[in-house]
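Residue numbers (the numbering used here): 127 to 633.
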């Protein structure tokens, strides 16, 4: 931070003059396109099909819907096991498409409002399907995600430049371009493909804010609201940003006021979803419904749990039916599972803590992110061995090491990359511990995601993707530090041009 008599730091060069940043964007685009063309015929997995199915109900005129087990009992002249993907492809081959005259499903019996996930991604697919049919929708969705994720290199540069200096920013842009986890994740037909863009947008916009330019936090709130239409976990980002700006501004009232404004803008942007959930379920939801059922089934990660919970969605669906619910995805079921989760944690606190420390935290620190080798349950699946033999993930690795290496080799390589990024963050914390206010820009967002995920659910790599943005910046900082040290020069974070002089902030 500048001293009382220090002059205002020079304004940074215009972004259009940062040619190496744009070279990084171009490189990112080429790498992602190469993967796209190499894997454009990759199979669409079950969770991706669920978003496509909801898109099919939108174009069919049913609204945003999802299937329940009752849909499998629907015998109204429509093959119930025909997935939305199969039917969309069939209609495309016939020269038509899914619409109100050719709906999917033929009857909505057993389908309910899809309050489990925010509707943003399915609504994004909706116009793409109307314009390009099924093949065009899939291709254009992936290409849109590829372009968007390539532009995150610009966000990485701006954020890192504002907080840590331009040299770190340029390197961060290049490191994000080569980030293997995001190269593959942006190919998935999932809202998670936009994690880099959403995390980067919120942090980048917030990094421009000062007590006198707090309106940047309102823009960050709008970005957070948009992100919440895709993934619910961004709802607490105003709190994350509040902690960061409070540490850096060291002025309580402006930090509270502008962070509250950020939260208000986020809620305004998210209001259409809340109003719709209120209309269809009677309960306004700013996120999705199902967090507590997810936490409940996650207890089954411990095969010896006293309640006999199995970490398997079909098991959870049947458990909800046995409890008298139409599905585990409803407000009433969610509230019931909330009570059960707290009851279990109170009754077995050490067992639950062991589940977090042994089964979840290691995967959060060295995450096996998605790659192109998506194995099926018939070939290899940790869940398969968990259900059939009662083995934990580590038990499967000990018993079947050959199969794990054979089928999970690329994921193991991703784990090594993730571990390197985590070590880079830890090294940044140690090396620059005296400049902890700046390091908070990395640590708090990372800690928020990792902490919330390991506490409430089993680790899915796509849920650990948001911190990749700050982790690449941490690696850039460490590399810059090592280069300067080898050259015998000290490495310090220069003034960025975004900070205000101390005197100006006090005045």
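Note that CB positions come from ideal geometry on N, CA and C, so glycine has one too.
Check the DSSP bridge columns for residue 192 and list the partner residues they point to.
238, per the DSSP bridge assignment.
Count Cβ pairs between the stretch 362-370 and the stretch 383-399 that sit closer than 8 Å; are there 3 or more?
Yes: at least three Cβ pairs fall under 8 Å.
Please name the residue, chosen from 211, 295, 441 and 490, that lies closest to residue 173 on a Cα-to-Cα basis.
211
Does the contact criterion of 3 or more C-beta pairs under 8 Å hold for the stretch 284-302 versus the stretch 176-195?
no
To the nearest whole angstrom, what separates the beta carbons of residue 595 and residue 246, a pair I think is in contact under 8 Å?
The Cβ separation is near 19 Å, so there is no contact.
Are residue 353 and residue 343 close, meaning C-beta to C-beta below 8 Å?
no
Would residue 266 pass as a contact of residue 254 if the rule is Cβ separation under 8 Å?
yes
Buried or exposed for residue 143, please, with buried defined as at least 16 other CB atoms from any protein chain shown within 10 angstroms of its CB.
exposed
Supposed contact pair residue 217 and residue 312 - C-beta distance, whole angstroms, cut 8 Å
Not really, about 28 Å apart at Cβ, beyond 8 Å.
So, is residue 473 buried or exposed, given that buried needs 16 or more other C-beta atoms within 10 angstroms?
exposed
Near residue 226, which residues of its chain fall below 7 Å by C-beta distance, leaving aside the five closest residues on each side in sequence?
186 and 187
Is it right to say residue 130 is buried, meaning 16 or more other beta carbons lie within 10 angstroms of its own, or is it exposed?
For residue 130, the pLDDT reaches just 35, beneath the cut-off of 50, and the residue's location in the model is therefore unreliable, although a value from the coordinates is still provided. Label assigned to residue 130: exposed.
Looking only at C-alpha atoms, which of 438, 176, 424 and 410 sits nearest to residue 467?
424
Local conformation of residue 518 per DSSP, three classes
Coil at residue 518, not helix or strand.
In chain order, what residues of the same chain lie with their CB nearer than 8 Å to the CB of residue 161, ignoring the 5 residues before and after it?
Excluding sequence neighbours, residue 161 sits near 309, 310, 313 and 498.
Can you check whether the CB of residue 399 is closer than 8 Å to the CB of residue 335?
Result no, Cβ atoms of residue 335 and residue 399 do not sit closer than 8 Å.
State whether the stretch 474-491 contacts the stretch 569-586, with contact taken as three or more CB pairs (one from each stretch) at a distance under 8 Å.
Three or more pairs of CB atoms, one per stretch, sit closer than 8 Å, so the stretch 474-491 contacts the stretch 569-586.
Three-state class that DSSP yields for residue 321 in the structure shown
The answer is helix: DSSP assigns residue 321 an H, G or I state.
Which two residues bound the contiguous alpha helix (DSSP H) that contains residue 270?
246-290
Whole angstroms is fine: what's the gap from residue 209's alpha carbon to residue 318's?
22 Å
Own chain partners of residue 193 with C-beta closer than 7 Å, once the 5 adjacent residues on each side are dropped
Excluding residues within five positions, the ones whose Cβ falls inside 7 Å are 179, 236 and 237.
Secondary structure at residue 492, three-state DSSP: helix, strand or coil?
coil
So the alpha helix (DSSP H) residue 384 belongs to, where does it begin and stop?
378-407
How is residue 587 classed by DSSP in three states: helix, strand or coil?
helix
If you follow the alpha helix (DSSP H) that residue 528 is part of, which residue opens it and which one closes it?
527-557
Please go through the stretch 416-481 and give each complete alpha helix (DSSP H) segment of 4 or more residues, from N-terminal end onward.
417-424, 439-448, 457-473 and 475-480
Keeping to the same chain, check which residues put their C-beta closer than 6 Å to that of residue 371; ignore five residues upstream and five downstream.
381
Residues in its own chain within less than 7 Å of residue 554 by CB, not counting five upstream and five downstream?
Around residue 554: 565, 568, 600, 603 and 604.
Excluding the five sequence neighbours on either side, which residues of its own chain have a C-beta within less than 6 Å of the C-beta of residue 350, listed in chain order?
328, 360, 363 and 392
Does the Cβ of residue 542 have 16 or more other Cβ atoms within 10 Å, making it buried, or fewer, making it exposed?
Around the beta carbon of residue 542, fewer than 16 other beta carbons sit within 10 angstroms, so the residue counts as exposed.
Relative to the alpha-carbon of residue 483, which residue among 590, 427 and 156 has its alpha-carbon at the smallest distance?
427
Taking just the CA atoms, how far does residue 373 sit from residue 132?
At residue 132, the pLDDT of 37 sits below 50, so the modelled position is not reliable; the number obtained from the coordinates is stated separately. Cα to Cα, residue 132 sits roughly 21 Å from residue 373.
With distances taken from CA atoms, which of 442, 579, 445 and 244 is nearest residue 493?
579
Output needed for residue 273: all residues of its chain with C-beta closer than 8 Å, excluding positions within five of it in sequence on either side, in chain order.
155
Let's see if you can read the secondary structure: which residues bound the alpha helix (DSSP H) around residue 185?
Per DSSP, the continuous alpha helix (DSSP H) segment holding residue 185 begins and ends at 172-185.
Around the Cβ of residue 339, are there at least 16 other Cβ atoms within 10 angstroms (buried) or fewer (exposed)?
So residue 339 counts as exposed.
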